[in-house]
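In order, the protein sequence lines correspond to chains U and A.
Numbers 1 to 117, taken from the working numbering, label the letters of the first sequence in order.
Numbers 1001 to 1117, taken from the working numbering, label the letters of the second sequence in order.
Think of the CB as a built atom: it goes at the ideal place given N, C-alpha and C, for glycine as much as any other residue.
Remember, predicted model here, so these are calculated numbers, not experimental data.
Number of protein chains: 2
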Amino acid sequence: MTISTPKNIFSNIPTELPEEFFETLLQQDNIRIERIISKGHHNAANDWYDQVQDEWIVLLQGQAKLEFYEPASIQLLNSGDYLLIPAHIKHRVAWTLENSETIWLAIHIFPNAGNEG
Amino acid sequence: MTISTPKNIFSNIPTELPEEFFETLLQQDNIRIERIISKGHHNAANDWYDQVQDEWIVLLQGQAKLEFYEPASIQLLNSGDYLLIPAHIKHRVAWTLENSETIWLAIHIFPNAGNEG
């Protein structure tokens, strides 16, 4: 088996970002590793993510505000900040830096088959 | 459910690092997210990792050389570089920066029960 050459998570940023940019870096049975690039993007006012999977995120560059529905709170994230968003915890991206790219690494951990919550 | 406060992956670095430092950030059914901090640490000359799990790594700070057994190769990793080390691909850390900390994020993806390769 050949080892693939490393890629760089801070490179290959699209020059234009009309939408938030989602890129799957690894897809396995019940895990997806994803890079997300934001530049001023945020969810609409009442647009909440409500996911079946746990999502562990680390902000690698930039700055963002993550809003939680219940209990209501807003969390500022700086470079290096990480946290787990458990399944079905409603959340939205409330704000990201407008003048430079914010880079997130997200690890989506899906329930095993037959084990979905 | 309460959302935990974010922690920072570049913070809480031990002041002394007599050994390489391993810290589990998240442990789920078949996934472990781990922070590794190296400072000049490397595997002994013939000390190879041969793991049952896939390991996806991203180097977040510092610099390291990763050596593969077959085909023999050495890969220099800089900040932001990521790659997948498939299960049973023998590898070792051949070198890390001596004067400052190298921080790795490792996602260990274990085979599902009954599905081990």
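Inter-residue CB distance, residue i and residue j (contact presumed, cutoff 8 Å)
| i | j | result |
| --- | --- | --- |
| U/I57 | U/Y82 | 6 Å |
| U/N12 | A/N1112 | Contact flag wrong, Cβ pair sits at about 32 Å. |
| A/E1101 | A/Q1061 | 7 Å |
Residue i versus residue j: straight-line alpha-carbon distance, rounded
| i | j | result |
| --- | --- | --- |
| A/H1088 | U/D50 | 36 Å |
| A/Q1028 | A/D1054 | 15 Å |
| A/R1035 | A/Q1063 | 15 Å |
| A/L1097 | A/S1038 | 8 Å |
| U/F119 | U/G80 | In the structure displayed, chain U extends from 1 to 117; residue 119 of chain U sits before or after that span and is not available. |
| U/T15 | U/H91 | 28 Å |
| U/L76 | U/L105 | 16 Å |
| U/I74 | A/I1085 | 36 Å |
| U/N30 | U/I109 | 6 Å |
| A/R1032 | A/I1107 | 6 Å |
| A/N1008 | U/N99 | 23 Å |
| U/S4 | U/W95 | 35 Å |
| U/L17 | U/H41 | 9 Å |
| A/L1026 | U/V52 | 18 Å |
| A/P1071 | U/E70 | 52 Å |
Backbone secondary structure at residue i - three-state DSSP
| i | result |
| --- | --- |
| U/N30 | coil |
| A/Q1051 | coil |
| A/Q1063 | coil |
| A/I1107 | strand |
| U/G117 | Unreliable placement is indicated for U/G117, whose pLDDT of 46 sits below 50; no coordinate value is reported for it. |
| A/Y1069 | coil |
| A/K1007 | strand |
| A/H1091 | strand |
| U/E98 | coil |
| U/I13 | coil |
| U/S38 | strand |
| A/Q1075 | strand |
| A/E1019 | coil |
Proximity winner among the options, relative to residue i (alpha-carbon distances)
| i | options | result |
| --- | --- | --- |
| A/N1078 | A/E1019, A/L1066, A/L1084 and A/I1109 | A/L1066 |
| A/D1047 | A/S1100, A/E1101, A/V1093 and A/F1022 | A/V1093 |
| A/A1045 | A/F1068, A/F1110 and A/E1101 | A/F1068 |
| A/N1043 | A/P1006, A/E1020, A/S1004 and A/K1007 | A/E1020 |
| A/P1006 | U/L17, U/L26, U/L59 and U/W95 | U/L59 |
- Task: Name, going along the chain, the residues of the stretch 1021-1053 of chain A whose beta-carbon falls closer than 8 Å to a beta-carbon of chain D.
- Result: In the displayed structure, chain D is absent; the protein chains listed are U and A.
- Taking only beta carbons into account, state which residues of the stretch 57-86 of chain U come closer than 8 Å to chain A, listed in chain order. V58, L60, F68, P71, S73, Q75, L77, N78, S79, G80, D81, Y82, L83, L84, I85 and P86
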